[in-house]
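S.K.: Okay, handing you the structure first.
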Amino acid sequence: MSSIAVVAPIRYGAYAEARRLIGEDRPFDSERTPRDRHQVFLTGNEAIFVFEGANARAAVEELVGDVAVSKTALAWRHCLAGRPRIADDVYGWRQ
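When we follow this note's numbering, the leftmost residue of the sequence shown carries the number 1, and every step to the right adds one.
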């Protein structure tokens, strides 16, 4: 199992809009996308999208090219304060 996070900086004052966008329907088919878990964390200045699965990086790369995801990304353009970036999973612990 691997994990990857997409960290998207959001504009000051865009928290409520980002939260609304996160609450809308998923822009991808969860049955078709090869991942086991997806979470979103939101702070006052970042949205962090975490993906876990057998090959999380490949799943995220596949989503980037998906038309439905591209349409959803357009809705985010007014919230973003910069380009989203990838954060690799370098340490984890589970019991």
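Glycine included, C-beta positions come from ideal geometry on N, C-alpha and C.
Quick caveat, the model's predicted, so the values are computed rather than measured.
Can you list, in chain order, the residues of its chain whose CB lies under 7 angstroms from that of alanine 14, leaving out five sequence neighbours each side?
M.R.: Within the sequence shown, numbered from 1, the residue matching residue 14 stands at position 14. The answer, listed in chain order, is Cys79.
S.K.: Looking only at its chain, what residues have a beta carbon closer than 7 angstroms to the beta carbon of valine 6, apart from the 5 residues adjacent to it on each side?
M.R.: As a first step, residue 6 must be located in the sequence shown, where it is residue number 6. Phe49, Val60, Pro84, Ile86, listed in sequence order.
S.K.: With a threshold of 16 other CB atoms inside 10 Å of the CB of phenylalanine 41, please say whether the residue is buried or exposed.
M.R.: What you label residue 41 is simply residue 41 of the sequence shown in a count that begins at 1. Phenylalanine 41 is exposed by the Cβ-count criterion.
S.K.: Select from Trp93, Thr43, Asp88 the residue whose C-alpha is nearest the C-alpha of asparagine 55.
M.R.: By one-based count along the sequence shown, residue 55 stands at place 55. It is Asp88 whose Cα lies nearest to the Cα of asparagine 55.
S.K.: For alanine 18, which residues from the same chain have a beta carbon less than 8 angstroms from its beta carbon, with the 5 sequence-adjacent residues on both sides left out?
M.R.: Working through the sequence shown from its first residue, we reach residue 18 at position 18. So the list reads Ile10, Leu42, Ala47, Trp76, Cys79, once near-sequence residues are dropped.
S.K.: Ends of the beta strand (DSSP E) at valine 50?
M.R.: The residue given as residue 50 occupies position 50 in the sequence shown. Per DSSP, valine 50 belongs to the beta strand (DSSP E) from 46-53.
S.K.: My understanding is that phenylalanine 51 touches isoleucine 4, with C-beta atoms under 8 angstroms, so please give their C-beta distance in whole angstroms.
M.R.: Walking along the sequence shown from the start, residue 51 turns up at place 51. Walking along the sequence shown from the start, residue 4 turns up at place 4. The Cβ separation is near 5 angstroms, so the contact holds.
S.K.: So what does DSSP say about alanine 18, is it helix, strand or coil?
M.R.: Taking the sequence shown and counting its residues from 1, one reaches residue 18 at position 18. The answer is helix: DSSP assigns alanine 18 an H, G or I state.
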